Every structure is written in C-alpha cells, then in structure tokens.
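Trainee: Mind looking over this structure? Questions follow.
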Amino acid sequence: MVSKRLSREAGHRRKFLTIIDDTPECERAVAYASKRAQSTSGTLVLLYVIVPDDFQHWLGVEKIMREEANATARAALDGYANKVRQKLGIEPEMVVREGKPTEEIHKLIEEDQDIAILVLAAGAGKEGPGPLVGAVAGKGAAFPIPVTVVPQNLSDEEIDSLA
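For the sequence shown, my numbering assigns the number 167 to the last residue and increments by one with no breaks.
Structure, rendered in structure tokens:
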C-alpha cells in the first residue's frame, strides 16, 4: 500500500514520474509526461536507475564502473532535461538510484508523496512493449499509483493533443 498522495493539497504540485533509460520509447514517455506536467501546472520527475549487476568486481574496478554508470545516468538525465527546458520552459527534477528498476520506482513513489502518475512508453518493436510496461502487466509488480502508457509511435502533435 502506498502512502497518501499530497499532490492536491495546498503547497503541493502533482508530479509526473518517467523513467530514463536507453530504450527508443523513452523519449515519447518524457514528451508526454512533460507536456502533461506543463498543461496541469505540475512537475516532471526524471528517474534513472542504475542496475548494479555488473559491479561484482574487485573494489577498484567496481568503483570505476560505478562512477562511469553514474556519469552515464547524469548525462542521460541532463540531455532529456535540456530538451524539456528548451521546448516547454519547465525545470524537471532529476533522480539517480541504484538497484532493481521496479523496486527503486516503488521506493521513490513512497518517499515523494507528490508523485501521482507514472508515465511509461510502450515499445513498438517485435520484442514487446518493454520491461517496465511488462512489469505493470505482470503479476505482483503493479505500481501503487496510476500508470499512463504512451505508444511509441505517437507524434509530437498527437502527444500535444492528448496531454
């Protein structure tokens, strides 16, 4: 069970959470979430989750790999944040976490009671909608807030008309 959402109370703003990764559909989720945040006077939260599976090496190598992963995460967040700033003039919050993506999403939602909607994009390829969208549809992995799933093939104009 998720704690009470505060986004509708005085002094709070509804936050739209989207996940930054290297999937092609990620850009569509950011486009929709940022437009939705702008049109509802909300806020955009960009989350990048570093999966630590590859850090099982000697301490020195592990530290370097962790630093590189963090630099990659920051660069990806900065790239999307710059696009949002330039296109819509809103300042997104940027969060980097390390762990399993679904667990870190749950933790962030629990910690930030203004996060009210998770926005994901479904891939259009033959490999399926993507791991996070698959997790939403799977048993026991549902998120504790509403999830909006954006089709990867929506154009900017279509997103503008829907958001």
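The C-beta atom is built at its ideal place from N, Cα and C for all residues, glycine as well.
Predicted model only: the values in this text are computed from it and were never measured.
DSSP on Arg32, reduced to helix/strand/coil?
Mentor: helix
Trainee: Here's the rule I'm using: 16 or more other beta-carbon atoms within 10 Å means buried, otherwise exposed. How should Ser38 be labelled?
Mentor: buried
Trainee: Got a sec, what are the start and stop residues for the beta strand (DSSP E) Ile119 sits in?
Mentor: Ile119 to Ala126
Trainee: Ignoring anything shorter than 4 residues or poking outside the stretch 62-98, list the alpha helix (DSSP H) runs there in chain order.
Mentor: 63-92
Trainee: If we ignore side chains and look at the alpha-carbon of each, how far apart do Ala41 and Ile163 end up?
Mentor: 12 angstroms
Trainee: What's the C-alpha gap between Gly103 and Lys130?
Mentor: C-alpha separation (whole angstroms): 27 angstroms.
Trainee: Just verifying my parser: in three-state terms, what is the DSSP assignment at Leu158?
Mentor: coil
Trainee: Within the same chain, show all residues whose beta-carbon is closer than 7 angstroms to that of Met98, passing over the 5 residues directly before and after it, in chain order.
Mentor: Here the set comprises Leu50, Leu81 and Ala85.
Trainee: If you reduce the DSSP assignment to three classes, tell me which class Glu114 lands in.
Mentor: helix
Trainee: Quick check on Lys19: does DSSP put it in helix, strand or coil?
Mentor: strand
Trainee: Under the assumption that Ile23 contacts Ile109 (Cβ atoms under 8 angstroms), give the Cβ distance between them as a whole number of angstroms.
Mentor: 7 angstroms
Trainee: Which residue from Val100, Glu72, Ile113 and Arg17 puts its Cα closest to that of Ser43?
Mentor: Arg17
Trainee: By how many angstroms is the C-alpha of Val53 removed from the C-alpha of Ala33?
Mentor: 16 angstroms
Trainee: Reducing DSSP to helix, strand and coil, say where Leu136 ends up.
Mentor: helix
Trainee: Helix, strand or coil for Leu166? Go by DSSP, reduced to three states.
Mentor: Here Leu166 sits in helix by DSSP.
Trainee: Given this structure, state the Cα-to-Cα distance separating Leu48 from Glu95, to the nearest angstrom.
Mentor: 8 angstroms
Trainee: Which residue comes first and which comes last in the beta strand (DSSP E) that contains Thr47?
Mentor: Element bounds for Thr47: Thr47 to Ile54.
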